[in-house]
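In what follows, a single structure is set out as C-alpha cells and then discussed.
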Amino acid sequence: MIRLSPKLSQKFSYLILFLATTLAITPVIVIIFIIVKNGMSVINWEFLASMPKNGMRDGGVLPAIVGTFVIVTCTIILTLPTGLCAAIYLNEYARDNIFARVIKLGILNLAGVPSVVYGLFGFGIFVMFLKLGVSIIAGALTLSIMELPVIITTSRNALNSVPYSFREASWALGVSRWQTIRHIVLPNALPGIMTGAVLSIARISGETAPILFTAAAFYVPHLPHSIFDQVMTLPYHLYIISTQIPNMPNNIIFGTALILLVMVLAISFVAIFVRIYFRKHRKW
Amino acid sequence: MSKIEIKNFNLYYTNFHALKDININIEDRRITTIIGPSGCGKSTLLRSINRINDTIEGVHTTGEINIYDENIYDENTDVDILRRNVGMVFQRPNPFPISIYENVAFGLRVNRISTSRSIISETVEKSLKAVLLWDNIKDRLYKSALSLTLEEQQRLCIARVIAVVPHIILLDEPCSSLDPVAIQKIEELIIQLKDRYTIIIVTHNMQQAARVSNDTAFMLFGKLIEFDKTEKIFTNPSKKETEDYVSGRFG
Ligand SMILES: Nc1ncnc2c1ncn2[C@@H]1O[C@H](COP(=O)(O)OP(=O)(O)O)[C@@H](O)[C@H]1O
Ligand SMILES: [Mg+2]
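Residue numbers (the numbering used here), protein chains in the order written: chain A, 533 to 816; chain B, 3 to 253.
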C-alpha cells in the first residue's frame, strides 16, 4: 500500500469530496439548462393565460396551472390543521403508551409508502367507495393522506425545538397545558411548522401518481366549477403531452416542464426564506 | 399551625424510590433551605410542593403534603390554582422569549386573573419594583427579556411569579448560574421577600444556606436526615451525617 504524505492525502481527499459534490449537482444543472433552453421560447402571457388549442398542440396551459393550484390549496387546507393537531397530541399530550408508540411507528412507515399506492388507495376509497368520483376533492383527500405523515413529522420537530423550560415555566405559573401550548409552544414553533408546510406544498405540486386515478383529466374544456369536477394539472398534463399525443411540438412540452419547475423551485425558495428570516429573528 | 406539612411522603420515578418517607413542617414567613449532596432528592422534594413533578412521566407518590390543612395530593385539587399559590423559580433563568413587560403580565393575562390594562400595568410595575428591577429597566419594558443579564433575568423570573400573587415561593438553586456579585444581590432580595412570602430554597451552597435561611433541612439519599433552625444545623447538629456534611467531610 502506498503511503501518501499528509499534505498530499489532504489534497487528494479534498479533490474526491469536491468531485463527488460536483457529480451530485451536475445533473440538476444540466436538466435545468435543457428545460430552460428548449422551453423558454414558448413562455409568454398567452401561454400562461389561455386554454390549450388544436388537440393541445397549441395554445396555453391555464387550466393545468389553475387545477394544480386548486388541488394543492385544498390538500393543504385539509392536511395542515389535521396534521398539526395530531402532532400536538403526540408531542404534548400522549403518554408513552402502546397506542402512541404504534401511531408513531405507523407515521414513520407511511412516509415510505410509494405514491402510486396512495393513488390506488384513494381510487378505491374516495372515488369508488365514497362515490366522490374522479374529482378535485378525491384527489385532494388522496394527497392529504399521503402528505399527512410528513406534516405530522415536521410539525413534531418544530414543537420539539421549543425548549422544555418554557413549558415548565408556564405550568409553574398555573397556566394549563392547553393555554401553554397556545401561548408559548405554538408561537415559538410556528416558523418550523410554516417551513414544513411550504415544503409540503412544493412536494405535492409535483406529484402525479396519487391524482392519476383520483382527480386528473386528460382534457377539460373549461376551468373547474366546483370541487367535484375533474381537473387538469401540470404534472399530469406534462405526462400526457409528452407521451400520448403524436406530433406534439417539443417547445410546448419543455415550456410546460419549465413552468412546473419554476413553480416548485419558487415555493421551495419561499420555504428557505421563511426559515432564514425566522432564524435571524429567533429569540433563544 | 404550620403552613406546609409534609407527612410520610414518598415519591417514585417509575421504580426508583427518590423520596423516602419525608416528614417536615414548614412555618409561615420564614426562609427554609434544603441542603444535601447532589442527587439526594432536593429538587424532587421542592417540585413536589407545587406538583410540577406530575408532568414527568412515571412519577407516583404516597403520603400527604398539606398546605394550610389541605392535602394538595387530594384528587380534587386543582393543580393550576395550586401552582398559582405556590410559585417556582428554576435553576436556570427561563424567561419567555417575549418582552420584559409581557413576561410579567403573562400569568395574569393567560389565567384571566385580570383583563384590565391598568391593573395589569400596575401589577407589572409593582412586581418589578418588588424584585428591585424597575428602576433599571423602566425605559425598556418592551425590549426582549432575553436582552437582560442573567441576574436580571432571574429577577424577572421572580417578578413573573410574584405577579400571580403566590403565598409560597420555591426556588431551586436560583443562583447556580450567577456570578458572586449577582448572587449577593439575589440573596438580599430573597431576604427582603421573606416578610411577604413563605420561601423554600434548594441550594448545595452551605454558605448560602447559612446566610439567608431561618431553618435548614438536610437530605441524604432521598431521606430527610435533620430539620432544625439553621444556626443549630450549622453549629450543633444532632445527627452525625449532618455534622459530616456541614463540616465538609463529604458531599
Ligand atoms: N425525571 C427523572 N427521572 C428519573 N429519575 C430522576 C428524575 N429526576 C431526578 N431523578 C433522580 O432522582 C434523584 C434525586 O434527584 P434530584 O431531586 O434532582 O436531586 P438534587 O436536586 O438533590 O440534586 C437522583 O438520583 C436523580 O437521578
Ligand atoms: Mg437539583
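Ideal Cβ placement from N, Cα and C applies to all residues, glycine included.
* **Where the stretch 40–73 of chain B meets chain A: residues whose CB sits under 7 angstroms from a CB there** => For the stretch 40–73 of chain B, which is checked against every Cβ of chain A, the residues closer than 7 angstroms are Asn-52, Ile-54, Thr-57 and Glu-59.
* Below 7 angstroms CB to CB, which residues in the same chain sit around B/Met-208 once its five sequence neighbours on both sides are set aside? => Excluding sequence neighbours, B/Met-208 sits near Ile-37 and Val-248.
* Asked: Counting Cβ pairs, one atom from each stretch, are 3 or more of them under 8 angstroms apart for the stretch 710–721 of chain A and the stretch 780–791 of chain A?
  -> With a cut-off of 8 angstroms, the stretch 780–791 of chain A and the stretch 710–721 of chain A do not count as touching, because too few Cβ pairs lie within range.
* To do: Would you mind working out which of B/Phe-18, B/Arg-32, B/Ile-51 and B/Leu-110 sits nearest B/Asn-25, comparing C-alpha positions?
  => Looking at B/Phe-18, B/Arg-32, B/Ile-51 and B/Leu-110, the one whose alpha-carbon comes closest to that of B/Asn-25 is B/Ile-51.
* Asked: Within the 8 angstroms Cβ cut-off, does B/Arg-94 reach chain A?
  -> Taking Cβ atoms only, chain A reaches closer than 8 angstroms to B/Arg-94, which makes this a yes.
* **the stretch 599–612 of chain A in contact with the stretch 757–774 of chain A per 3-pair CB rule at 8 angstroms** => Note that the stretch 599–612 of chain A touches the stretch 757–774 of chain A; at least 3 beta-carbon pairs, one per stretch, sit closer than 8 angstroms.
* Own chain, CB closer than 6 angstroms to B/Ile-74, minus 5 neighbours either side, in chain order -> Its chain contains Ile-67 and Leu-84 as the residues whose beta carbon lies nearer than 6 angstroms to that of B/Ile-74, once the 5 sequence neighbours on both sides are disregarded; these appear in chain order.
* Among residues of its own chain, excluding the 5 on either side of A/Met-669, which ones have a beta-carbon nearer than 6 angstroms to its beta-carbon? -> Here the sequence assigns Ile to residue 669 of chain A, which means Met is not the residue at that position. Excluding sequence neighbours, A/Ile-669 sits near Ile-759.
* To do: Using a Cβ-Cβ cut-off of less than 9 angstroms, list which residues of the stretch 697–730 of chain A approach chain B; keep chain order.
  => Result list: Ser-697, Phe-698, Arg-699, Glu-700, Ala-701, Ser-702, Trp-703, Ala-704, Leu-705, Gly-706, Val-707, Ser-708, Arg-709, Gln-711, Thr-712, Arg-714, His-715, Ile-716, Pro-719 and Asn-720.
* To do: Look at B/Thr-16 and B/Gly-43 and say whether their C-beta atoms are less than 8 angstroms apart.
  => At least 8 angstroms separates the beta-carbon of B/Thr-16 from that of B/Gly-43.
* Closer than 7 angstroms: is that where the CB of B/Glu-175 sits relative to any heavy atom of ligand 2? -> Yes, the Cβ of B/Glu-175 comes within 7 angstroms of a heavy atom of ligand 2.
* Taking a cut of 8 angstroms between CB atoms, which residues from the stretch 622–641 of chain A lie near chain E? -> The structure shown contains no chain E; its protein chains are A and B.
* Residues bridged to B/Leu-172 by DSSP? -> Answer is B/Met-90 and B/Ile-202, bridged to B/Leu-172.
* Nonlocal neighbours in the same chain, by C-beta distance under 6 angstroms from A/Phe-698, ignoring five residues either side -> Close CB contacts of A/Phe-698 within its chain, under the 6 angstroms cut and outside five residues either way in sequence, are with Ile-716 (chain order).
* Asked: Going along the chain, which residues of its own chain have a beta-carbon closer than 7 angstroms to the beta-carbon of B/His-62, five neighbours each way excluded?
  -> Taken in chain order, the residues that qualify are Tyr-14.
* Going by DSSP, which residues form a beta bridge with A/Asp-628? -> Assignment of beta-bridge partners to A/Asp-628 by DSSP yields no partner.
* Under 8 angstroms Cβ-Cβ, which residues of chain A neighbour B/Gly-89? -> Correct list: Ala-704 and Leu-705.
* Asked: Under a three-way DSSP split, which group does A/Ala-619 fall into?
  -> Helix, per DSSP.
* To do: Note down, one range per segment and in chain order, each alpha helix (DSSP H) of at least 4 residues found wholly within the stretch 547–592 of chain A.
  => Fully enclosed alpha helix (DSSP H) runs of 4 or longer: 577–581.
* Contact set for B/Ile-69: own chain, Cβ-Cβ below 6 angstroms, skip 5 residues either direction -> Closer than 6 angstroms at Cβ, skipping near neighbours: Ile-6.
* **beta strand (DSSP E) runs wholly inside the stretch 129–186 of chain B, at least 3 long, in chain order** => Listed in chain order, they are 170–174.
* Asked: Sorted by chain position, which residues of the same chain lie with C-beta nearer than 7 angstroms to B/Glu-245's C-beta, five sequence neighbours on each side aside?
  -> Cβ within range, chain order: Pro-239.
* Asked: Which residues mark the beginning and the end of the alpha helix (DSSP H) in which B/Gly-313 is found?
  -> This structure cannot settle anything about residue 313 of chain B, because the visible part of chain B is limited to 3 through 253.
* Cβ-heavy atom distance between B/Val-183 and ligand 1 below 7 angstroms? -> No, ligand 1 has no heavy atom inside 7 angstroms of this Cβ.
* Asked: Roughly how many whole angstroms lie between the Cα atoms of A/Leu-790 and A/Phe-801?
  -> If you take the alpha carbons of A/Leu-790 and A/Phe-801, they lie about 16 angstroms apart.
* Unbroken alpha helix (DSSP H) run spanning B/Asn-113, endpoints -> Run containing B/Asn-113: none; DSSP gives neither H nor E here.
* Kindly indicate the opening and closing residues of the alpha helix (DSSP H) around A/Phe-653. => From DSSP, the alpha helix (DSSP H) with A/Phe-653 extends over 647–654.
* Is the stretch 641–649 of chain A touching the stretch 730–738 of chain A in the sense that three or more CB pairs, one from each, lie closer than 8 angstroms? -> Taking 8 angstroms as the limit for Cβ pairs, the verdict is that the stretch 641–649 of chain A does not touch the stretch 730–738 of chain A.
* Closer than 8 angstroms, CB to CB, is B/Asp-76 near chain A or not? -> B/Asp-76 does not count as touching chain A.
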